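Participant: One structure follows; several queries about it will come next.
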Amino acid sequence: MARKVLLIEDEPHIAEAIRFILSRDGWTVASHATGHAALDAVRRERPDALVLDVILPGRGGIELLGDLKDDPALAAIPVLVLSANSRERGRAEAAGADRFIAKPFANDEIVAALREVAGP
Amino acid sequence: MVPFDILVAVCLAYVCILFLVAFVAERRAERGKAGWLRSPIVYTLSLSIYCTAWTFYGAVGYAARSGLEFVTIYLGPTLVLIGWWAFLRKLVRIGQAHRVTSIADLISARYGKSNLLGVVVTLIAVVGATPYIALQLQSVTLSFGVFASGTPEGWALPDQSATALWVAGGLTLFTILFGTRNLDANERHHGVVMAIALEAVVKLVALLAVGIFTVWGLSGGWQGVAERIAASPIAELPLVPGRWMGLTFVSAAAFVTLPRMFQVMVVENSDERHLATASWAFPLYLFLMSLFVLPIAAVGLARMPAGANPDLFVLTLPLAEGQGKLAMLAFLGGFSSATSMVIVAAIALATMVSNHVVTPLWLSLRAGGARAPGDVRGLVLMSRRVSIAGILALGYIYYSLSGGSAALASIGLISFVGVAQILPAMIGGIFWRGATGKGAMAGLLTGFSVWLYSLYLPSFGDSGLISPHILADGPWGIGWLRPHALFGIERLDPLLHALFWSVALNAFGFVAVSLASFPGPVERMQGLAYVNVFDDDPGARAWSRGGAETEDLLTMAQGIIGATEAQAFFEAEARRQGVAGYLPDASPDFINRLERRLAGAVGSATAHAMVAQFAEGAAVSAQDLMAVASEAQQILEYSTQLEAKSEELARTARQLSEANDKLRDLSVQKDAFLSQISHELRTPMTSIRAFSEILMDPELPAQMAAHYAGVIQEEAVRLTRLLDDLLDLSVLENRKVQLSIRAENLHDLIDRALRSASNTRAERVFVIHRDQATEHVPVITDTDRLVQVFINLISNARKYCDAERPELTIAVRRRGARLTVDFIDNGSGIPKKSQSLIFEKFSRLTDTQRAGGAGLGLAICREILVNLGGTIHYLPGQGGAAFRVSLPLRPQSAGATAAGDRETA
């Protein structure tokens, strides 16, 4: 059964690109544009991994990450954080990100990173 | 014969009368009705405390033993008073100017307010006065003895010592009751002065009565007396010129240095013009006191039994002749002499002891413990009472130790030589600016030591403190150190010997050490103030209220509040008094206002003290005041400078801190801006890169490839637009924009903007409301830029208006030389808290999906309008989002015009 990844990204074109890349690698991708929608989706769908953008309308990516890691039921889900600002790396890792990837990224980079954090 | 109990009763009644007089005088003085209390006659009579029991009884004894030599005791003071203008006047002036409370205070204040000097002078005065007080005890005891025993040989009274103790106790009580009833701020005792003036009259009347009785009652007139004198041994006594000169000198010195004389002459003096009266009245008094001395001595020697004490002739002669009432009067005269001396001496000494020894000691013991003034007052009164008791106790001890048998005159002279040691420091202090505290200390200690060694200690005689063997052979057998033959000078009269060596060594030490040392600053100032006390003649100023007084007030005020301020204040006061252009009259009203003005600068207490010195007419040491004023001025100037400097520093620090804050803000803004730009640039770049990589897959279906290429193109356009906006904003913000000014119809401009805005993809029907008629207004401006603003506002409305059926109203209005164009949509508008932010860079309020821009649009609009001389505002409360663009119909700013002219030319 294909593994599920949840993508949270507000830029439609970027979301479209990532969805394409990960689907091609065998993931089932569900995407959301806001943090609130994403948290509900995570609880509901229990994905195998998360790809999370930092800058989101409403609740930001780092805050969302904090909520996930505080919830014992969800804390184990590996999270890949994306940001256009490489200075967010420290904040993301402190909040419990398993991997940080700066935008723009190479497509293989995302694929490899996701395999790594979620297991082969 | 007068019974002893009646004698005691008379004494008590006399004391009660004295109390009454003192009490009434004090009450009058308290009510400000001093009047006749301040008469020069009262002052002169108060000086008569110079004539103690020693003069009253002892002069006759002196004459009986040494002939005319007794006159020297009267000669010294007479010379001092005749030459009053040379020395006494200055002393009194200084005493008043500096509010001197005692001779110790005078010396200590002159030499840099050194309390140590005050202590030394106090010590000398107390030790010097002790024999003198013993003398009074002795004479009162003897005179009591005369009555008690009923025999002329009163001094043979068996329980003499007990009588002396009673007398000492009574005098102590009497003095405490008299002298420390209250604490006078300026140490003046109107009551006491009045009482001693009365006593002066009593003793003069008593002595004159005995004299008249002796001359006319016993000798049949001057003729008979002259014969008796010629026949008596007195006529054969030789005149010793050395002793005459020495004794005249020492009595003159004692007249000014005796603490009690200083008290009545300087401290109690209320007007220095009284000296002029005293200069003839007091020698007259002394003349009357001495007039019958020789007759009484001669008649006494002739008529009294051999072996009778000549010191008591004044009393025993009338008694022997059966004149009980006259004897009683004589007794009261002697009693007056003794009591007045003891009272004033004890008061003066107690003031010194309490001011220079007890209070400083007490204050240093309770260092740090500030107490209420009431406590100090109580302490001072108590210390004075204890001091009085102590001083009289010392007198009694001296009396007991010296055996109570030495002749009255010789005891008095020992005291005279002792207090004369203060003379060099005193004269030097008021005439010689070079005199220093070290010099005064050296002189005083030297003179005092020599006096103690060569005169005071030997005076105790065989019972005494110096062994006979030292007197005979000197200490350790050193001959030239014998107390009565210092440095090998022998066969000189012991008194003269001690006087010569003590005063000579004292003066030498004083001058030599003064020359070798330098005065401190306070000493220098005090020296100047003492020596030049007449330079600032208070006569013209202090006692009149004319121009001179105001001038001095002006000088003082200038010193305190500065020349300009003082001048302005005085001018304003003169105008108020209607004498513009002149100095104002020193009216009480004016002085009050001046005081309040000065109080602002130096505090109310200082201001009051300074003004009061001028206003009340007290003699002022101008140097002193001016010194204070100039110090205050210096301190003020210094502190003003400091204040200005610290203000400047604070200002600079504030500016620096502000600049730093601004820089930090700018830096934070710049960082935020760069971070924003970076984010805005990276976002389309991310899409472009991701899709480019996807497109590289050759197996990608052609349809998908075309779609992804479209996305890449779209993101590339977005990227370009963002870069254009950033460049545009940068140029606009730096005011480097080249405007191209053109005249065009506003209607055309709106048309163009609407066309341009609808080129973007129109997802919805968008209704535009316009009033075409009002739009036909010609505007002269950079029309392309204005259209850019309109496009931005119309696009925003299209993007953000959240109404079901969006509408936009464009309303134009002319307001004078300006034009407003409002863009109002029917959406929900912009939340109040965000209205102030929307013109800032990157202030995108909603998500990017609908906005499509980077949030620079309104920032650019604002910058464009600033460049065009206009404004753009958000209009709250219009239903939807509403913006008003306002700009001039033609360019106003010179810069914009110039740029435009070049463009259009």
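Residue numbers (my numbering), protein chains in the order written: chain Z, 82 to 201; chain F, 175 to 1079. Backbone N, C-alpha and C fix where the C-beta goes; we use that ideal spot for every residue, glycine too. As the structure is a prediction and not an experimental result, all values here were calculated from the model.
Please report whether the beta-carbon of Z/H94 lies at a distance below 7 Å from any beta-carbon of chain F.
Facilitator: In the first sequence, the residue the question calls residue 94 of chain Z occupies position 13. Yes, contact with chain F.
Participant: Taking a cut of 7 Å between CB atoms, which residues from the region 856-878 of chain F lie near chain Z?
Facilitator: If the cut-off is 7 Å between Cβ atoms, the region 856-878 of chain F has R856, T857, M859, T860, S861, R863, A864, F865, E867, I868 near chain Z.
Participant: Which whole-angstrom value describes the C-beta separation of Z/L120 and Z/L133, a residue pair presumed to lie in contact below a C-beta threshold of 8 Å?
Facilitator: One-based indexing of the first sequence puts residue 120 of chain Z at position 39. One-based indexing of the first sequence puts residue 133 of chain Z at position 52. The pair is not a contact, with the Cβ atoms about 11 Å apart (cut-off 8 Å).
Participant: Which residue wins for smallest C-alpha separation from F/V685, given the options F/E739, F/H853, F/L465, F/A614?
Facilitator: Working through the second sequence from its first residue, we reach residue 685 of chain F at position 511. Answer by Cα proximity: F/A614.
Participant: In the structure shown, what three-state DSSP assignment does F/N919 receive?
Facilitator: By 1-based counting over the second sequence, the position of residue 919 of chain F is 745. Three-state result, F/N919: strand.
Participant: Using a threshold of 7 Å, state whether the C-beta atoms of Z/H117 and Z/G139 are closer than that.
Facilitator: Working through the first sequence from its first residue, we reach residue 117 of chain Z at position 36. Working through the first sequence from its first residue, we reach residue 139 of chain Z at position 58. Against a cut-off of 7 Å, the Cβ pair of Z/G139 and Z/H117 comes out as a contact.
Participant: Could you give the distance in angstroms between the alpha-carbon of Z/L137 and the alpha-carbon of F/K844?
Facilitator: Here the question's residue 137 of chain Z lines up with position 56 in the first sequence. Here the question's residue 844 of chain F lines up with position 670 in the second sequence. If I take the Cα positions, the gap works out to 22 Å.
Participant: Output, in chain order, the set of chain F residues within a Cβ distance shorter than 7 Å of Z/I158.
Facilitator: Position 77 of the first sequence holds residue 158 of chain Z. Those within 7 Å of Z/I158 in chain F number zero; the least Cβ separation is about 24 Å.
Participant: Is the CB of F/H950 under 7 Å away from at least one CB in chain Z?
Facilitator: Mapped onto the second sequence, residue 950 of chain F falls at position 776. Chain Z, which has no Cβ nearer than 7 Å to the Cβ of F/H950, makes this no.
Participant: Report yes if the C-beta distance between F/W675 and F/V591 is below 7 Å; otherwise report no.
Facilitator: In the second sequence, counting from the first residue as 1, residue 675 of chain F sits at position 501. In the second sequence, counting from the first residue as 1, residue 591 of chain F sits at position 417. Not in contact: F/W675 and F/V591 (Cβ atoms no closer than 7 Å).
Participant: In chain Z, what lies closer than 8 Å to F/E889 by C-beta?
Facilitator: Here residue 889 of chain F refers to the residue found at position 715 of the second sequence. Simply H94.
Participant: Using a 10 Å radius around the Cβ and a threshold of 16 neighbouring Cβ atoms, would you call F/H364 buried or exposed?
Facilitator: Locating residue 364 of chain F in the second sequence gives position 190, counting from the first residue. Burial call: buried.
Participant: Is the Cβ-Cβ distance between F/P1114 and F/L221 less than 7 Å?
Facilitator: Absent from the model: residue 1114 of chain F. The displayed extent of chain F is 175 to 1079, so no value can be given.
Participant: Could you check which residue in Z/E197, Z/A183, Z/G142 has the C-alpha nearest to that of Z/G177?
Facilitator: Sequence index remark: in the first sequence, residue 177 of chain Z carries index 96 (1-based). Checking every option, the nearest Cα to that of Z/G177 belongs to Z/G142.
Participant: For a test of the three-state rule: what should DSSP assign to F/V951, helix, strand or coil?
Facilitator: Locating residue 951 of chain F in the second sequence gives position 777, counting from the first residue. F/V951: coil per DSSP, three-state reduction.
Participant: Cα separation between F/L555 and F/T354?
Facilitator: For the purposes of this step, residue 555 of chain F is identified with residue 381 of the second sequence, where counting begins at 1. For the purposes of this step, residue 354 of chain F is identified with residue 180 of the second sequence, where counting begins at 1. Their Cα atoms are separated by approximately 6 Å.
Participant: Smallest Cα separation from F/L503: which of F/I1012, F/A740, F/V376?
Facilitator: Position 329 of the second sequence holds residue 503 of chain F. Residue F/V376 is the option with its Cα nearest to F/L503.
Participant: I need the straight-line Cα distance from Z/L155 to Z/D129, nearest angstrom please.
Facilitator: Position 74 of the first sequence, counting from 1, holds the residue named residue 155 of chain Z. Position 48 of the first sequence, counting from 1, holds the residue named residue 129 of chain Z. Whole-angstrom Cα-Cα distance: 10 Å.
Participant: Quick test of the definition: if touching needs 3 or more C-beta pairs under 8 Å, does the region 194-201 of chain F touch the region 218-232 of chain F?
Facilitator: Output reads no: the region 218-232 of chain F does not touch the region 194-201 of chain F.
Participant: Are the C-beta atoms of Z/A118 and some chain F residue less than 7 Å apart?
Facilitator: Residue 118 of chain Z sits at position 37 when you count from the first residue of the first sequence. Closer than 7 Å: no.
Participant: Going by beta-carbon coordinates alone, are F/R856 and Z/K184 separated by less than 7 Å?
Facilitator: In the second sequence, counting from the first residue as 1, residue 856 of chain F sits at position 682. In the first sequence, counting from the first residue as 1, residue 184 of chain Z sits at position 103. Result yes, Cβ atoms of F/R856 and Z/K184 sit closer than 7 Å.
Participant: Can you tell me whether Z/I191 sits near the ligand FAD, meaning its C-beta is under 6 Å from at least one heavy atom of the ligand?
Facilitator: For the structure depicted, the ligand FAD is absent and the ligand set is empty, with no information on it obtainable.
Participant: Tell me which residues share the same chain as Z/I102 and place their Cβ nearer than 8 Å to its Cβ, disregarding the 5 neighbours each side in the sequence.
Facilitator: Translated into positions along the first sequence, residue 102 of chain Z becomes position 21. N188, I191, V192.
Participant: In chain F, which residues lie with their C-beta within 8 Å of the C-beta of Z/I136?
Facilitator: By 1-based counting over the first sequence, the position of residue 136 of chain Z is 55. Within 8 Å Cβ-Cβ: H853.
Participant: Contact defined as beta carbons within less than 8 Å: I believe F/I1161 pairs with F/Q437. What is the distance between those atoms, to the nearest angstrom?
Facilitator: Residue 1161 of chain F falls outside the range modelled here, since chain F spans only 175 to 1079, and no answer is possible.
Participant: Excluding five sequence neighbours on each side, which residues of the same chain lie with their C-beta closer than 8 Å to the C-beta of Z/A199?
Facilitator: Walking along the first sequence from the start, residue 199 of chain Z turns up at place 118. Cβ neighbours of Z/A199 beyond the five flanking positions: R84, V86, D129, A130, P159.
Participant: Here's the rule: buried if 16 or more other CB atoms are within 10 angstroms of the residue's CB, otherwise exposed. What is F/C1035?
Facilitator: Stepping through the second sequence from its first residue, residue 1035 of chain F is reached at position 861. F/C1035 is buried by the Cβ-count criterion.
Participant: Who are the near neighbours of F/A233 in its chain, counting only those whose CB is closer than 6 Å to its CB and skipping five residues on each side?
Facilitator: Here residue 233 of chain F refers to the residue found at position 59 when the second sequence is read from its first residue. So the list reads F244, V467, once near-sequence residues are dropped.
Participant: Out of F/L568, F/R558, F/G683, F/I588, which one is the CA nearest neighbour of F/G617?
Facilitator: To locate residue 617 of chain F, count along the second sequence from 1; it is residue 443. Nearest of F/L568, F/R558, F/G683, F/I588 to F/G617, Cα basis: F/G683.
Participant: Expressed to the nearest angstrom, what Euclidean distance is found between the alpha-carbon atoms of F/T304 and F/A519?
Facilitator: Translated into positions along the second sequence, residue 304 of chain F becomes position 130. Translated into positions along the second sequence, residue 519 of chain F becomes position 345. The alpha-carbon atoms of F/T304 and F/A519 are separated by roughly 10 Å.
Participant: Scan the region 174-185 of chain Z for residues whose Cβ lies nearer than 9 Å to a Cβ of chain F and list them as they occur along the chain.
Facilitator: Per Cβ criterion, the list reads A183, K184, P185.
Participant: Using alpha carbons as the reference points, say which of F/V366, F/H881, F/D996, F/L566 lies closest to F/A985.
Facilitator: Counting from 1 along the second sequence, the entry for residue 985 of chain F is found at position 811. Ranking the options by Cα distance to F/A985, first place goes to F/D996.
Participant: In this structure, does DSSP put F/G713 in helix, strand or coil?
Facilitator: Position 539 of the second sequence holds residue 713 of chain F. Because the pLDDT of F/G713 is 34, which lies under 50, any placement of that residue in the model is unreliable, and the question is left without a value.
Participant: Considering only residues of the same chain and omitting the five flanking positions on each side of F/L465, which have a CB-CB separation below 7 Å?
Facilitator: For the purposes of this step, residue 465 of chain F is identified with residue 291 of the second sequence, where counting begins at 1. The residues are G385.
Participant: Is it buried or exposed, F/S761, if we count other Cβ atoms within 10 angstroms and call 16 or more buried?
Facilitator: For the purposes of this step, residue 761 of chain F is identified with residue 587 of the second sequence, where counting begins at 1. Label assigned to F/S761: exposed.
Participant: List the endpoints of the continuous beta strand (DSSP E) containing F/E981.
Facilitator: Taking the second sequence and counting its residues from 1, the one referred to as residue 981 of chain F is at position 807. Counting along the chain, the beta strand (DSSP E) containing F/E981 begins and ends at 981-989.
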